[in-house]
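To start, the structure itself, in structure tokens.
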Amino acid sequence: MPMKPEESAAPRAADGVIVVEHLVKHYGAIQAVNDVSFTVGQGEIFGFLGPNGAGKTTTISILCTLLTPTAGRVRVAGFDVIRQRNGVRHSIGLVFQEPALDLKLTAEENLYLHARLYGVPPADYRERLREVLTLVELWERRKDKVETFSGGMKRRLEIARGLIHYPKVLFLDEPTLGLDPQTRNHLWTYILRLKAEKGMTIFLTTHYMNEAEYCDRIGIIDHGRLVTLDAPDRLKERLGGDVVSLRSPAPPAAVIEELNLLGLAARADGDSIRFETGDAGRHVPEIIRSLSVAVDSIEIHKPTLEDVFLALTGHALRDLTGASERARQSLRHMRRH
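Heads up, the sequence shown is in my numbering, so the first residue is 370 and it goes up one at a time.
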């Protein structure tokens, strides 16, 4: 597995490659993004973690000038996303949540078209083509039509296409959605290599908890609001102990009430009851003896980002198997512009 990046301190707004201040986006009566502010520093891998419909795709669309915010101020690579759109667009690379390659063209032809659109100097094109295709291990397949590629190869080619104009910021919108675990791991190898070798700033949206662990910092977004923002390890430390999950034949409300009386912030999670406590191995037996209800099973583990999300939002991260209709509409809008 790729090694995790080292934690980095939160950048100041003055040092930010991406600066978002009080961002708001409405779709009629729907408030997709609600007063969101954050800063992303140079060379940082910044992740947006959230369920389907949380506001991730809307936010990334605004950062890439593909949607206009209702209110707030956003700067990317020093350019305002409303007044200086061309400056933003020439400073970023974008890998869509859904495929956006021309399947009838070869890998090289797809990259050539993108390079021309972004004004890559002809004298530089061949060197960049070899560099980006070598990075994603597709140089030997450059003459093959994309329709012959596997899903993982197409995703790698999309990353290469997003890099060929040497962007300051690479946006990855659910970059590994629908890929098998081995291919996801390979793609993360390339992403971490970009950070290490190019010092590139990478902004990604994801719902995969294990991918979020590779980020320098994570913003958890839910129902359009930025719930919290910190390094993965510091987020897990906030829970203050081990996570305990127990099952009981008693009604969940009765179990939760008794645990709350013991000073534990218990909550339902499917057919289990979860709470956090320090040194669970020592304290859990005492807690169980204090309950008047029966306990069928107990599980203890160290906090994960899934636990953090549940604690902060009150519900588990919903499984995302495809883009929401609003996300699909945003992507169609992207392609038209």
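The beta-carbon is built from N, C-alpha and C at its ideal position, and this holds for glycine as well.
Values in this document were obtained by computation on a predicted structure and should not be read as measured data.
Three-state class that DSSP yields for residue i in the structure shown
{"i": "residue 511", "result": "coil"}
{"i": "residue 396", "result": "strand"}
{"i": "residue 661", "result": "coil"}
{"i": "residue 647", "result": "coil"}
{"i": "residue 517", "result": "helix"}
{"i": "residue 531", "result": "helix"}
{"i": "residue 597", "result": "strand"}
{"i": "residue 624", "result": "helix"}
{"i": "residue 666", "result": "strand"}
{"i": "residue 614", "result": "strand"}
{"i": "residue 391", "result": "strand"}
{"i": "residue 464", "result": "strand"}
{"i": "residue 642", "result": "strand"}
{"i": "residue 456", "result": "helix"}
{"i": "residue 493", "result": "helix"}
{"i": "residue 450", "result": "coil"}
Supposed close pair residue i, residue j - CB separation, criterion 8 angstroms
{"i": "residue 646", "j": "residue 610", "result": "5 angstroms"}
{"i": "residue 520", "j": "residue 548", "result": "6 angstroms"}
{"i": "residue 640", "j": "residue 616", "result": "6 angstroms"}
{"i": "residue 393", "j": "residue 441", "result": "5 angstroms"}
{"i": "residue 417", "j": "residue 590", "result": "6 angstroms"}
{"i": "residue 585", "j": "residue 414", "result": "5 angstroms"}
{"i": "residue 653", "j": "residue 612", "result": "Going by Cβ atoms, the distance from residue 653 to residue 612 rounds to 11 angstroms, so no, they are not a contact pair."}
{"i": "residue 660", "j": "residue 644", "result": "Actually they do not touch by this definition, with Cβ atoms about 12 angstroms apart."}
{"i": "residue 489", "j": "residue 495", "result": "That belief does not hold up - the Cβ atoms of residue 489 and residue 495 are roughly 10 angstroms apart, past 8 angstroms."}
{"i": "residue 608", "j": "residue 672", "result": "4 angstroms"}
{"i": "residue 561", "j": "residue 545", "result": "Not confirmed; about 13 angstroms, so no contact."}
{"i": "residue 559", "j": "residue 528", "result": "6 angstroms"}
Continuous beta strand (DSSP E) stretch holding residue i: start and end
{"i": "residue 400", "result": "399 to 410"}
{"i": "residue 588", "result": "586 to 591"}
{"i": "residue 637", "result": "636 to 638"}
{"i": "residue 416", "result": "414 to 418"}
{"i": "residue 505", "result": "Run containing residue 505: none; DSSP gives neither H nor E here."}
{"i": "residue 538", "result": "538 to 542"}
Short Cβ contact (8 angstroms threshold) for residue i with residue j
{"i": "residue 385", "j": "residue 409", "result": "yes"}
{"i": "residue 674", "j": "residue 605", "result": "yes"}
{"i": "residue 412", "j": "residue 575", "result": "no"}
{"i": "residue 470", "j": "residue 515", "result": "yes"}
{"i": "residue 391", "j": "residue 406", "result": "yes"}
{"i": "residue 525", "j": "residue 507", "result": "yes"}
{"i": "residue 637", "j": "residue 669", "result": "no"}
{"i": "residue 426", "j": "residue 542", "result": "yes"}
{"i": "residue 642", "j": "residue 667", "result": "no"}
{"i": "residue 443", "j": "residue 389", "result": "yes"}
Alpha helix (DSSP H) segment containing residue i, residue limits
{"i": "residue 478", "result": "476 to 486"}
{"i": "residue 575", "result": "Per DSSP, residue 575 belongs to no alpha helix (DSSP H); it is in the beta strand (DSSP E), 570 to 575."}
{"i": "residue 443", "result": "Counting along the chain, residue 443 falls outside any alpha helix (DSSP H), though it belongs to the beta strand (DSSP E) covering 440 to 445."}
{"i": "residue 580", "result": "578 to 581"}
{"i": "residue 567", "result": "550 to 567"}
{"i": "residue 677", "result": "674 to 682"}
{"i": "residue 429", "result": "425 to 432"}
Near the ligand GTP: residue i beta-carbon under 7 angstroms from a heavy atom
{"i": "residue 547", "result": "The model depicted lacks the ligand GTP and carries no ligand whatsoever."}
Cβ contact check for the stretch 614 to 622 and the stretch 447 to 459: 3 or more pairs under 8 angstroms: Contact fails between the stretch 614 to 622 and the stretch 447 to 459, because fewer than three Cβ pairs, one in each stretch, are under 8 angstroms apart.
message: Check whether the stretch 591 to 607 and the stretch 631 to 646 are in contact - that is, three or more C-beta pairs closer than 8 angstroms.
response: The stretch 591 to 607 and the stretch 631 to 646 do not touch, with fewer than 3 CB-CB distances between them shorter than 8 angstroms.
task: Decide yes or no for the touch test of the stretch 535 to 553 against the stretch 469 to 479: beta carbon pairs closer than 8 angstroms, at least 3 of them.
output: Output reads no: the stretch 469 to 479 does not touch the stretch 535 to 553.
- prompt: Below 8 angstroms, can you find three or more Cβ-Cβ pairs linking the stretch 502 to 515 to the stretch 574 to 585?
  reply: The stretch 502 to 515 makes no contact with the stretch 574 to 585; the number of CB pairs closer than 8 angstroms stays below 3.
field: Cβ contact check for the stretch 426 to 436 and the stretch 458 to 468: 3 or more pairs under 8 angstroms
entry: Touching, yes.
message: Check whether the stretch 520 to 529 and the stretch 545 to 562 are in contact - that is, three or more C-beta pairs closer than 8 angstroms.
response: Touching, yes, given that three or more Cβ pairs across the two stretches are closer than 8 angstroms.
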